[in-house]
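Peer 1: Have a look at this one.
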Amino acid sequence: MSYEPGYAGLGERLGPRDLIPSAGHAAAVWLRNAKVFSKLWKGALLPTFLDPFFYLLALGFGLGTYIAHGINGIPYKEFVAPGLIASAAMWSSAFETTYNVYFRMNELRLYDNVLSTPVEPQDLVAGDIAWSSSRATVYGVVVLIVVAAVGLVSSPWAILIPPFVLLGGMCFSVIGYTFTSLVPKIDLYSYFFTLGITPMFLFSGIFFPFNQLPGWVEVVAWLTPLYHLVEITRGLATGPDAVSILIHTAWLAVVTAILFPIPVRALRARLVP
Amino acid sequence: MNGPAVLARRLAKSYGDRVAVDGIDFEVPAGICFGFLGPNGAGKTTTMKMIYGLARVGGGELRVLGMDARRERREIKSRIGVVSQETNLDGDLTVRENLMQQASYYGIDPHAVRPRVSELLDFALIADRSDDRVQALSGGMKRRLMVARSLVNEPELIVLDEPTTGLDPQARLAVWRSLERLKRRGVTLLLTTHYMEEASRLCDRLLIMDEGRIVTEGAPPALIRRHVGREALELELGGDCDASALLETIAARADGHELHDGALTLFADDAEELLGAIDHDRFPTDSAIVRRATLEDVFLRLTGRSLREGE
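As you go down the protein sequences, you meet chains A and B in turn.
Read in order, the letters of the first sequence are residues 17 to 289 in the working numbering.
Read in order, the letters of the second sequence are residues 16 to 326 in the working numbering.
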C-alpha cells in the first residue's frame, strides 16, 4: 500500500509545552473554519437537516405506528427524536474531522502555511476540534428545533441540550481527528464510516433500548460515545435524571481529554518532521 | 538587530536513511539578500524548513534572529515571513480575507491590521482583485499574494523558497521588483532559486549546495571570478576534432573547462586571446562564441551537468 506523502505514524511523546494549546491561536484556526462555513452554510446545512427528518418520518411516524405502547412508557416518536439530535452531531463531526481535515491538510496544504505562523500543532488540532464541535452543535440545534416544533420534546430541560451536544461533538471530533491523523490513506475513510459511524448510529440506543437484549449489547454500546450523548439528550428531552447525565457527561469529557494528545502527536510528526 | 539573521553550525537533517542536510555551516548577515542555489535534492528546501519551523532541527545548531530554532519555534515564527515553494493560499477565502486570516494567526488585532492589509494589497499590485476569490487569480498574482501574505506580521526576515518557479517572465519581474523594494527597506531576504538570473539580480551573497553540503559561498561576482574567470569561450567542436588533444594544447592557458557532448567551454580572463591561440586547422570548430562568464557557469561547474530527479 502506498502511503500519503509525509505519513509518519503516531510520532514521539510530547511534553505539556507541546500539548497544551494556546487559546488565541486555536481561536484563529476556529475563525478560519467558521468564516468558510459562513459562506457555504446554506448548501451544507440542508442535507444534515433533511437526513434526521427522513429517519424521523420513516421510523418515528412510520414504524412507530406499529409500536403501540411506545418504549419504556415513552411514545416511539418521542423515544427516537432526541437520539437524532445526537446522531446529527456525530455525522457532522465525523465528516468535518475526516474529509474536511484531510482536504485542508493534504490537498490544499493549508496546514503548512498555518504551522509556519506562530500557530503550533496543538493549537491547530484544538482549533479544528473546537470548530467541528461548534458545527456539530449548530446541526444538533437545528434538529432540536425541528423535533420540538413537531411536539416531540416533553421536558423544558431540553433547553440545556446544546452545551451537551458541544461536548459530545468534541468527543466525536477528537475520535475522527485521531483517525485522520493516523490513517495512511484517504481510501480507508470508508471503513471509518462503514465499521465505525454507521454501526454506532444503528446500535447506540437511538432506535431501540437495550433492556430486552443480552447484557453484552449494552456493554458494547457503553463503549461508544454516541450512546452517552443519546442518553443525555433523551434524558433532557423527556425529563432528566441528574446522576445519569453526570456519568455520561464525565465519560465524554474523559475520553476527549485522553485522546487529544494522539492527533497532536501524529499531526506534528506528519507536518513538522 | 545585532548579529546574523541566521546562524547554522554543523546543521544536519535526515529523513529515515536519507541524509538531506549533511552538517552545514553558514551565516546570513542581517539586512541583505542571501541566496541558496543548488540542484534538486541538494537540501535547500529542508534547510529553509528548519529555519521557518516546518522541519525539526536534526543535528547541530540553528539560530534564527538570535533564537534557538529547537526551543523557540513559536517566537521565531512570529518574527519571520514565509513564502513556501508550494502555493498554499486559502482558496475558499477572498484575497483580502487571506491577509486578514493570516493576521489572526499572528494574533494581530483585525481592526488595527486593516490599513496594513490595504497597503499590502497595493504593494502586491492586486488591490483591484481584493474581493475576488483566490482561485480566480493568475499564477503570478497568487505568488505576489504569497509575498504580501508573508509581510502581514512585519517580519525582520523573509524566507522565500523558489518564489518565482513556474511564472512567466512578466510575473517573475513583478515579484523581483517587490523583493527589491523590500530589500531597500532593510528586510533580510533569504531565498532559494533555480534561476541564476534571479540569484545574480537579487542576491548580495549566495551559497551553492549539492547533496546536503555547501560547495561554495560568496558574492556573485566574486564567485564567478574565483571559479571560472571573467569570460567564457564556447566552442562547438567539429566532427573530427580531437577534444583531448585540443585541451592538451590549450588547457594550461585557461582557468578551467567543461566538455559536454562535443561542446567545449573554456574559462579565462581574456577569452578572445584564448580563441586566437587555438590552431584552427588542426582543431576545426563549427562555432565559437566569446561571452562573459556567468553564475550559471559556476553552478554547472560545481554541481555537474547530470540531471537530478525529485526533491
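For every residue, glycine included, the Cβ atom is placed at its ideal position computed from N, Cα and C.
1. Quick check: what's the CA-CA separation for Leu252 (chain B) versus Thr133 (chain A)?
2. Apart from the five residues on each side of it in sequence, which residues of its chain come closer than 6 Å, Cβ to Cβ, to Pro279 (chain A)?
3. Is any beta-carbon of chain B found at less than 8 Å from that of Val9 (chain A)?
4. How should Asn88 (chain A) be labelled, buried or exposed, when 16 other C-beta atoms within 10 angstroms of its C-beta is the threshold for buried?
5. Near Ser18 (chain A), what residues of its chain come up, given a Cβ to Cβ distance below 8 Å and the 5 sequence neighbours on each side ignored?
6. Assuming Ala11 (chain B) and Val43 (chain B) make a contact with CB atoms under 8 Å, what is their CB distance in whole Å?
7. Quick one: measure Cβ to Cβ for Val149 (chain B) and Leu104 (chain B), integer angstroms, because I've assumed they're closer than 8 Å.
8. Buried or exposed: which applies to Glu90 (chain B), given that a residue is buried once 16 or more other Cβ atoms fall within 10 Å of its Cβ?
9. Rounded to the nearest angstrom, what separates Leu62 (chain A) and Ala104 (chain A) at their Cα positions?
10. Quick check on Glu101 (chain B) - is its C-beta less than 8 Å from some C-beta in chain A?
11. Find the nearest neighbour of Asn49 (chain A) within the set B:Gly53, B:Lys59, B:Ile47, B:Ser119, judged by alpha-carbon distance.
12. State yes or no: is the beta carbon of Arg197 (chain B) nearer than 8 Å to at least one beta carbon in chain A?
13. Compare the C-beta of Val96 (chain A) against all C-beta atoms of chain B and say whether one is closer than 8 Å.
14. Determine the direct distance from the alpha carbon of Phe188 (chain A) to that of His273 (chain A), and round the result to whole angstroms.
15. Would the region 78-92 of chain A and the region 100-118 of chain A be scored as touching if the rule is three or more Cβ pairs under 8 Å?
16. For a quick check, are the C-beta atoms of Asp139 (chain A) and Ala42 (chain A) less than 8 Å apart?
17. Could you give the residue range of the beta strand (DSSP E) that holds Ile223 (chain B)?
18. Measuring alpha carbon to alpha carbon, tell me which residue in B:Leu310, B:Phe51, B:Asp37 is nearest Leu238 (chain B).
19. Please state the DSSP three-state secondary structure of Thr254 (chain A).
20. In the DSSP output, what is Thr280 (chain B) paired with across the bridge?
21. Applying a beta-carbon distance threshold of less than 8 Å, which residues of chain B neighbour Ser132 (chain A)?
22. Check whether the region 152-162 of chain A touches the region 222-231 of chain A, taking contact to mean three or more Cβ pairs, one atom from each stretch, closer than 8 Å.
23. Between Met121 (chain A) and the rest of its own chain, which residues show a CB-CB distance below 7 Å, the 5 nearest in sequence each way excluded?
24. Leaving out five residues before and five after Asp176 (chain B) in sequence, what residues of the same chain have Cβ atoms less than 6 Å from its Cβ?
25. Would you verify that the beta carbon of Ser302 (chain B) is, or is not, closer than 8 Å to some beta carbon of chain A?
26. Straight-line CA distance for Arg159 (chain B) to Leu197 (chain B)?
27. Near Glu287 (chain B), which residues of its chain fall below 7 Å by C-beta distance, leaving aside the five closest residues on each side in sequence?
28. List the residues of chain A whose Cβ lies closer than 8 Å to the Cβ of Gln116 (chain B), in chain order.
29. In chain order, what residues of the region 127-139 of chain B put their CB closer than 9 Å to some CB of chain A?
30. If you follow the beta strand (DSSP E) that Val190 (chain A) is part of, which residue opens it and which one closes it?
31. At a CB-CB cut-off below 7 Å, which residues of chain B make contact with Gly40 (chain A)?
32. Report all residues from its chain with a CB closer than 8 Å to the CB of Ala60 (chain A); omit the five preceding and five following residues, and keep chain order.
33. Against Val135 (chain A), what residues of chain B qualify as contacts under a CB-to-CB distance less than 7 Å, listed in chain order?
34. DSSP state of Lys201 (chain A), grouped into three classes?
35. Note down, in chain order, every chain B residue with its Cβ under 7 Å from the Cβ of Leu211 (chain A).
36. Which residues in chain A have a C-beta closer than 9 Å to the C-beta of Asp37 (chain B)? List them in chain order.
Peer 2: This is what the structure holds:
1. One-based indexing of the second sequence puts residue 252 (chain B) at position 237. One-based indexing of the first sequence puts residue 133 (chain A) at position 117. For Leu252 (chain B) and Thr133 (chain A), the gap between their C-alpha atoms comes out near 54 Å.
2. For the purposes of this step, residue 279 (chain A) is taken as the residue at position 263 of the first sequence. Taken in chain order, the residues that qualify are Val141, Tyr193, Thr194, Ser197.
3. Any answer about residue 9 (chain A) is impossible in this case: the structure gives chain A only from 17 up to 289.
4. Within the first sequence, numbered from 1, the residue matching residue 88 (chain A) stands at position 72. So Asn88 (chain A) ends up on the exposed side.
5. Here the question's residue 18 (chain A) lines up with position 2 in the first sequence. Low confidence applies to Ser18 (chain A): its pLDDT is 45, below 50, so where it sits in the model is not reliable, and the reading given next is rough at best. Closer than 8 Å at Cβ, skipping near neighbours: Lys201.
6. Any question about residue 11 (chain B) goes unanswered here, given that chain B covers just 16 to 326.
7. Walking along the second sequence from the start, residue 149 (chain B) turns up at place 134. Walking along the second sequence from the start, residue 104 (chain B) turns up at place 89. Cβ-Cβ separation between Val149 (chain B) and Leu104 (chain B): approximately 5 Å, consistent with a contact (criterion under 8 Å).
8. As a first step, residue 90 (chain B) must be located in the second sequence, where it is residue number 75. With fewer than 16 Cβ atoms within 10 Å of its Cβ, Glu90 (chain B) is classed as exposed.
9. Counting from 1 along the first sequence, the entry for residue 62 (chain A) is found at position 46. Counting from 1 along the first sequence, the entry for residue 104 (chain A) is found at position 88. C-alpha separation (whole angstroms): 12 Å.
10. For this step, residue 101 (chain B) is matched to residue 86 along the second sequence. Cβ-Cβ to chain A under 8 Å: yes for Glu101 (chain B).
11. The count along the first sequence starts at 1 and reaches residue 49 (chain A) at position 33. Closest option to Asn49 (chain A), Cα to Cα, is B:Ser119.
12. Translated into positions along the second sequence, residue 197 (chain B) becomes position 182. It should be noted that the sequence gives Leu, not Arg, for residue 197 (chain B). Against chain A, the CB of Leu197 (chain B) has no partner CB under 8 Å away; the residue lies outside that interface.
13. Your numbering for residue 96 (chain A) matches position 80 in the first sequence. Not an interface residue.
14. Indexing the first sequence from 1 puts residue 273 (chain A) at position 257. Indexing the first sequence from 1 puts residue 188 (chain A) at position 172. In the sequence on display, residue 273 (chain A) carries Ala and not His. Computed Cα separation, rounded: 12 Å.
15. Of all C-beta pairs linking the region 78-92 of chain A to the region 100-118 of chain A, fewer than three are shorter than 8 Å, placing the two stretches out of contact.
16. In the first sequence, residue 139 (chain A) corresponds to position 123, counting from 1. In the first sequence, residue 42 (chain A) corresponds to position 26, counting from 1. Judged by beta-carbon spacing, Ala42 (chain A) lies within the 8 Å limit of Asp139 (chain A), meaning their Cβ atoms are closer than that value.
17. For the purposes of this step, residue 223 (chain B) is taken as residue 208 along the second sequence, with counting starting at 1. Segment 220-225, the beta strand (DSSP E) holding Ile223 (chain B).
18. Sequence index remark: in the second sequence, residue 238 (chain B) carries index 223 (1-based). Closest by alpha carbon: B:Leu310.
19. Numbered from its first residue, the first sequence carries residue 254 (chain A) at position 238. Helix, per DSSP.
20. Residue 280 (chain B) sits at position 265 when you count from the first residue of the second sequence. DSSP links Thr280 (chain B) through a beta bridge to B:Glu249, B:Glu273.
21. What you label residue 132 (chain A) is simply residue 116 of the first sequence in a count that begins at 1. Simply Tyr67, Gly68, Leu69, Lys92, Val97, Ser99.
22. No, the region 152-162 of chain A is not in contact with the region 222-231 of chain A.
23. In the first sequence, counting from the first residue as 1, residue 121 (chain A) sits at position 105. The answer, listed in chain order, is Tyr127.
24. Working through the second sequence from its first residue, we reach residue 176 (chain B) at position 161. So the qualifying residues of the chain are Thr60, Met63, Ser99, Gln100, Thr207.
25. Counting from one through the second sequence, the residue named residue 302 (chain B) turns up at place 287. It does not; no Cβ of chain A falls within 8 Å.
26. For the purposes of this step, residue 159 (chain B) is identified with residue 144 of the second sequence, where counting begins at 1. For the purposes of this step, residue 197 (chain B) is identified with residue 182 of the second sequence, where counting begins at 1. One Cα belongs to Arg159 (chain B), the other to Leu197 (chain B), and the distance between them is close to 13 Å.
27. Residue numbering aside, residue 287 (chain B) sits at position 272 when the second sequence is read from its first letter. Same-chain partners within the cutoff: Val305.
28. Along the second sequence, one-based indexing puts residue 116 (chain B) at 101. Correct list: Ala44, Leu47, Arg48, Lys51.
29. Residues: none.
30. On the first sequence, residue 190 (chain A) is found 174 positions in, with the first residue counted as 1. Unbroken run through Val190 (chain A) is the alpha helix (DSSP H), 177-198; no beta strand (DSSP E).
31. Locating residue 40 (chain A) in the first sequence gives position 24, counting from the first residue. Against Gly40 (chain A), the close residues of chain B are Gly122, in the order they occur along the chain (beta-carbon pairs closer than 7 Å).
32. As a working note, residue 60 (chain A) is residue 44 in the first sequence. Around Ala60 (chain A): Phe53.
33. As a position in the first sequence, residue 135 (chain A) is number 119, starting the count at 1. Per Cβ cutoff of 7 Å: Tyr120.
34. Mapped onto the first sequence, residue 201 (chain A) falls at position 185. DSSP places Lys201 (chain A) in coil when its eight states are reduced to three.
35. For the purposes of this step, residue 211 (chain A) is taken as the residue at position 195 of the first sequence. By Cβ distance, chain B contributes nothing, its closest Cβ being about 31 Å from Leu211 (chain A), past 7 Å.
36. For the purposes of this step, residue 37 (chain B) is taken as residue 22 along the second sequence, with counting starting at 1. Near Asp37 (chain B) there are no residues of chain A at all, since even the closest Cβ is about 17 Å away, more than 9 Å.
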